[in-house]
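Colleague:
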Amino acid sequence: MCAVRGGDRHTGGRGPVGGGRHTLIGPEATGRRPARVRSWAVRRRGSAVSSPQQARSERGDDGQRRGAEAAEVRRFWAGLGLPGLIDVHTHFMPERVLRKVWEYFDANGPLVGGLAWPITYRTEEAERTAVLREFGVRAFTSMLYPHKPGMARWLNDWAVGFAGRTPDCLHTATLYPEPDTGAYVREALDAGARVFKAHVQVGDYDPADGQLRSAWGMLAEAGVPVVMHCGSGPAPGRFTGPGPAAQVLAAHPRLRLIVAHLGMPEYEEFLDLAERYEHVHLDTTMAFTDFTESFMPFPRRALPRLAGLGDRILLGTDFPNIPYPYLHQLHALERLDLGADWLRAVCHDNAAKLFGL
């Protein structure tokens, strides 16, 4: 869940969807933000470095915490008999762009619903890739996206270099509705792009825009997936929700669409699309965590449908832009009690099949 553009404040996404008609999952079903999330936020927002000695001490403490977390993450996937994790929704982008994204979260911008959102893994690029490797993430993505015309091509150029120096990153590209979209999408495919990112909320565009028609057709023909943030969480946009995405799928039924964040908060409507179109997948990014359950909970009645689509659910996390430890996402999936086979498929095997890993 990444944001950078400005704009009018949205009012949606602050409370339980449908006036509280959804049932929360897990012990945090109180309707309030869990204390554990609050404590993380306070610790990050209230931290201040008063001396070089304190800075060195805090770096040491961070290193110890990360090492302990890495051991727990590795224990999680090893206990499932997996060779590691595959995370289809992680964010890497040019540093100055990423810093702008972090500033937006720090300011509680309207596209994050006014929520307190401390960035847990606010470090340099090399350290962030090292953390994922320490966690045992075998493959990840560099989800990047434009918020205005003229950005997508140079973001794609940057992504070529990042993929070249980061062999465990699935070469990621992006797009935006503009006259040359088809040309640079073809260039990205020719350069080896293996997954695309479309952010309907931040980009503030209709995915059914005619300028994207040839791009969707090329991606469908090439069998290259696109991760699309098309749900209305954490705050709605003009073109979020299942309707515009459904229009794209009606025109391009073979498109390998990965619905980000399980389509939150329109979870059930996006499950409808996955049941209707065999190439639609959904990623778990931030879903079921204490943080998300506190304001856009997943409906318990839909769990059997989630289990039934177990071969098309993919692990996603939003690393590094998450307000809690990476391990919490894994525990949030585990406590659904959908079984070890489901977890193995979600955390590794489904993505391995989709991307030929």
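Each residue of the sequence shown is one higher than the one before, starting from 5 at the first, in my numbering.
Backbone N, C-alpha and C define an ideal beta-carbon position, used for all residues, glycine too.
Tell me, please, whether the CB atom of Ala224 is closer than 9 Å to any CB atom in chain C?
Modeller: Among the chains in the structure shown there is no chain C, since it carries only a single protein chain.
Colleague: Does the separation of the CB atoms of Gln205 and Thr178 fall below 9 Å?
Modeller: Not in contact: Gln205 and Thr178 (Cβ atoms no closer than 9 Å).
Colleague: If you compare alpha carbons, which of Leu159, Lys104, Ala291 is closest to Leu337?
Modeller: When each option's Cα is compared against that of Leu337, the closest is Ala291.
Colleague: Do you know whose CA, among Ser236, Leu159, Ala239, lies nearest Lys201's CA?
Modeller: Ranking Ser236, Leu159, Ala239 by Cα distance to Lys201 puts Leu159 first.
Colleague: If I measure Cβ to Cβ from Leu86 and keep anything under 7 Å in the same chain, skipping five residues before and after, which residues do I get?
Modeller: Correct list, in chain order: Arg348, Cys351, His352.
Colleague: Could you give the residue range of the alpha helix (DSSP H) that holds Ala226?
Modeller: 217–226 is the span of the alpha helix (DSSP H), which, as asked, contains Ala226.
Colleague: Please go through the stretch 164–217 and give each complete alpha helix (DSSP H) segment of 4 or more residues, from N-terminal end onward.
Modeller: Listed in chain order, the complete alpha helix (DSSP H) runs (minimum 4 residues) inside the stretch 164–217 are 185–194, 204–207.
Colleague: Among Ala249, His95, Arg260, whose alpha-carbon lies nearest the alpha-carbon of Val228?
Modeller: Among Ala249, His95, Arg260, the Cα nearest to that of Val228 belongs to Arg260.
Colleague: In chain order, what residues of the same chain lie with their CB nearer than 7 Å to the CB of Asp341, ignoring the 5 residues before and after it?
Modeller: Correct list: empty, nothing qualifies.
Colleague: Work out the CA separation of Gly88 and Gly320 for me, nearest whole Å.
Modeller: Going from the Cα of Gly320 to the Cα of Gly88 covers about 14 Å.
Colleague: Grouping DSSP H, G and I as helix and E and B as strand, with all else coil, what is Thr288?
Modeller: If DSSP states are grouped into helix, strand and coil, Thr288 belongs with coil.
Colleague: Using DSSP's beta-bridge definition, name the partner residues of Leu318.
Modeller: Paired residues: Asp287.
Colleague: Under three-state DSSP, which class holds Leu337?
Modeller: Of the three classes helix, strand and coil, the one that applies to Leu337 here is helix, per DSSP.
Colleague: Give the straight-line distance between the Cα atoms of Arg47 and Leu115, rounded to the nearest whole angstrom.
Modeller: Note on Arg47: pLDDT 32, under 50, position unreliable in the model; no value is reported.
Colleague: Smallest Cα separation from Pro257: which of Ala163, Pro150, His283?
Modeller: Here the closest residue by C-alpha is His283.
Colleague: Spell out the partners DSSP gives Thr145 in its beta bridges.
Modeller: BP columns for Thr145 point to Leu174.
Colleague: Going by beta-carbon coordinates alone, are Phe109 and Ile123 separated by less than 9 Å?
Modeller: A contact, by the Cβ cut-off of 9 Å.
Colleague: Output needed for Gly360: all residues of its chain with C-beta closer than 6 Å, excluding positions within five of it in sequence on either side, in chain order.
Modeller: Cβ neighbours of Gly360 beyond the five flanking positions: none.
Colleague: List the endpoints of the continuous beta strand (DSSP E) containing Leu261.
Modeller: Looking at the DSSP string, the run of the beta strand (DSSP E) that includes Leu261 is 261–263.
Colleague: I'd like the span of the alpha helix (DSSP H) that includes Val101, first residue to last.
Modeller: Here the alpha helix (DSSP H) through Val101 covers 99–110.
Colleague: Rounded to the nearest angstrom, what separates Asn354 and Leu313 at their Cα positions?
Modeller: In a straight line, the C-alpha of Asn354 is about 11 Å away from that of Leu313.
Colleague: Alpha carbon to alpha carbon, how far is Leu102 from Ala311?
Modeller: Roughly 35 Å between the two C-alpha positions.
Colleague: Around the Cβ of Gln333, are there at least 16 other Cβ atoms within 10 angstroms (buried) or fewer (exposed)?
Modeller: Burial call: buried.
Colleague: Quick one: is Val53 buried, meaning 16 or more other Cβ sit within 10 Å of its Cβ, or exposed?
Modeller: A caution first: Val53 carries a pLDDT of 35, below 50, which makes its placement in the model too unreliable to give a value.
Colleague: Terminal residues of the continuous beta strand (DSSP E) containing Val231?
Modeller: It spans 230–233 - the beta strand (DSSP E) in which Val231 sits, taken as one unbroken run.
Colleague: Taking just the CA atoms, how far does Ala74 sit from Glu138?
Modeller: Cα to Cα, Glu138 sits roughly 6 Å from Ala74.
Colleague: Gly165 to Glu131, Cα distance in whole Å?
Modeller: Roughly 18 Å between the two C-alpha positions.
Colleague: Work out the CA separation of Gly113 and Trp121 for me, nearest whole Å.
Modeller: Rounded to whole angstroms, Trp121 to Gly113 spans 10 Å at the Cα level.
Colleague: Return the chain-ordered list of same chain residues with a C-beta closer than 8 Å to the C-beta of Arg309, the five sequence neighbours on each side being excluded.
Modeller: If we look at Arg309 and ignore the five residues flanking it on each side, its Cβ neighbours are Glu272, Leu275, Glu279.
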